[in-house]
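Participant: Attaching a single structure in structure tokens format; questions to follow.
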Amino acid sequence: MSLWTRLGEFFYPCVCLSCERLVGHSFPLCAKCSSSLKPVARPYCSRCGLPLAGTAAREVLCGECLRHPPAFDRARAAFIYNQFDHTSALARAIARFKYTRKLALGSGLAELLRHGCPLDPFYYDWITPVPLTLERLRWRGFNQALALAHSLGDRKQVAANLLERTAGNTPQAGLGRRERLTNVRGAFRVRESCRAQVSGAKILLVDDVMTTGATVNECSVALKRGGAQTVDVLVLARVILS
Ligand SMILES: [Zn+2]
Ligand SMILES: [Zn+2]
Numbered sequence: 019m020s021l022w023t024r025l026g027e028f029f030y031p032c033v034c035l036s037c038e039r040l041v042g043h044s045f046p047l048c049a050k051c052s053s054s055l056k057p058v059a060r061p062y063c064s065r066c067g068l069p070l071a072g073t074a075a076r077e078v079l080c081g082e083c084l085r086h087p088p089a090f091d092r093a094r095a096a097f098i099y100n101q102f103d104h105t106s107a108l109a110r111a112i113a114r115f116k117y118t119r120k121l122a123l124g125s126g127l128a129e130l131l132r133h134g135c136p137l138d139p140f141y142y143d144w145i146t147p148v149p150l151t152l153e154r155l156r157w158r159g160f161n162q163a164l165a166l167a168h169s170l171g172d173r174k175q176v177a178a179n180l181l182e183r184t185a186g187n188t189p190q191a192g193l194g195r196r197e198r199l200t201n202v203r204g205a206f207r208v209r210e211s212c213r214a215q216v217s218g219a220k221i222l223l224v225d226d227v228m229t230t231g232a233t234v235n236e237c238s239v240a241l242k243r244g245g246a247q248t249v250d251v252l253v254l255a256r257v258i259l260s
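All you need for our numbering is the position in the sequence shown, starting with 1, plus 18.
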């Protein structure tokens, strides 16, 4: 560790992203909160990344992907937590980031995403975030998915505005599975000025959390309709519904 890093930590001590305890290192979570992180382990659905029970073969699809193949090629999450696990340090850290509107917390979460990233970001032509509704963007002041996208790959790969949101203004949180699907159906389109960028491109779509996958799927529909060659999804956390 360099002298400057040590001095930096002395004057600006790091606090855990989740419990706000002081940590004497630059990793964004304290030891206790880090130990609650659950990386996604095999076996999982090769399309949507949903963890599956048993010791399935490498290429296996979950029931949902078999019944309704998603528009994205594959979705992967760095970590998982259960919908009702209120002790999850990651869930708490993400909620603090989104609802306290502190952009500074984003660099810690971005570090977690980089740390647990199961995909190679440099493979893609563009890394783009799921766009927020204008109302949310005004309230929060930043798009948390864009903050995460910036932490991956090369700066030149980040395309902040490939997609625009034309509907789906009710936040997905708090909605049931069916309502989530209808709320975002047809809600995204490729920006007119970005058509050439999307056509034939390999795109990595980034979001903080994936629950039913309805939002990332609708974004992928728009990108594929715009001629994208590949659309992969990367999220920091996959929420397991139970
Ligand atoms: Zn902690
Ligand atoms: Zn699946």
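Built from N, CA and C at the ideal position, the CB exists for glycine as well.
Cα separation between Ser54 and Phe97?
Facilitator: On the sequence shown, residue 54 is found 36 positions in, with the first residue counted as 1. On the sequence shown, residue 97 is found 79 positions in, with the first residue counted as 1. Those two C-alpha atoms are separated by around 10 Å.
Participant: When DSSP labels each residue in this structure, what does Glu182 get in the three-state scheme?
Facilitator: Mapped onto the sequence shown, residue 182 falls at position 164. Three-state DSSP puts Glu182 in a strand.
Participant: Report yes if the C-beta of Glu82 is less than 7 Å from at least one heavy atom of ligand 2; otherwise report no.
Facilitator: In the sequence shown, residue 82 corresponds to position 64, counting from 1. Glu82: yes, Cβ under 7 Å from ligand 2.
Participant: Any idea which residues DSSP pairs Lys50 with across the strands?
Facilitator: Position 32 of the sequence shown, counted from the first residue, corresponds to residue 50. For Lys50, which the question treats as bridged, DSSP gives no partner whatsoever.
Participant: Which runs of the alpha helix (DSSP H) spanning at least 4 residues fall entirely within the region 56-102, listed in chain order?
Facilitator: Within the region 56-102, the runs of alpha helix (DSSP H) at least 4 residues long that lie entirely inside it are, in chain order, 81-85.
Participant: What are the boundary residues of the beta strand (DSSP E) that Val253 is part of?
Facilitator: Position 235 of the sequence shown, counted from the first residue, corresponds to residue 253. First-last of the beta strand (DSSP E) with Val253: Thr248 to Ile258.
Participant: Do Val58 and Ala95 have their beta-carbon atoms positioned less than 8 Å apart in this structure?
Facilitator: Indexing the sequence shown from 1 puts residue 95 at position 77. Indexing the sequence shown from 1 puts residue 58 at position 40. Going by C-beta atoms, Ala95 is nearer than 8 Å to Val58.
Participant: Please work out which residues of its chain come closer than 8 Å, Cβ to Cβ, to Asn100, disregarding the five sequence neighbours upstream and downstream, and give them in chain order.
Facilitator: For the purposes of this step, residue 100 is taken as the residue at position 82 of the sequence shown. Excluding residues within five positions, the ones whose Cβ falls inside 8 Å are Ser106, Val257, Ile258 and Ser260.
Participant: Please state if the CB of Arg183 and the CB of Ala205 are separated by a distance shorter than 8 Å.
Facilitator: For this step, residue 205 is matched to residue 187 along the sequence shown. For this step, residue 183 is matched to residue 165 along the sequence shown. Judged by beta-carbon spacing, Arg183 lies within the 8 Å limit of Ala205, meaning their Cβ atoms are closer than that value.
Participant: Identify, in the order they occur along the chain, each residue of the same chain with its Cβ nearer than 7 Å to the Cβ of Gln162, setting aside the five sequence neighbours on each side.
Facilitator: Counting from one through the sequence shown, the residue named residue 162 turns up at place 144. Only Phe115, Lys116, Gly124 and Asp226 meet the Cβ criterion.
Participant: CB Leu223 to CB Val249, shorter than 8 Å?
Facilitator: As a first step, residue 223 is located in the sequence shown; it is residue number 205 there, counting from the start. As a first step, residue 249 is located in the sequence shown; it is residue number 231 there, counting from the start. Yes.
Participant: Suppose contacts are defined by Cβ-Cβ distances below 8 Å. Is Asn179 in contact with Phe90 by that definition?
Facilitator: As a working note, residue 179 is residue 161 in the sequence shown. As a working note, residue 90 is residue 72 in the sequence shown. In this structure, Phe90 does not lie closer than 8 Å to Asn179 by Cβ.
Participant: Can you tell which of Ala219, Ile221 and Leu181 has its C-alpha closest to the C-alpha of Ser211?
Facilitator: Residue numbering aside, residue 211 sits at position 193 when the sequence shown is read from its first letter. Comparing Cα positions, the closest option is Leu181.
Participant: What are the start and end residues of the alpha helix (DSSP H) that includes Leu222?
Facilitator: To locate residue 222, count along the sequence shown from 1; it is residue 204. Note, Leu222: premise wrong, no alpha helix (DSSP H); beta strand (DSSP E) at Lys220 to Met228.
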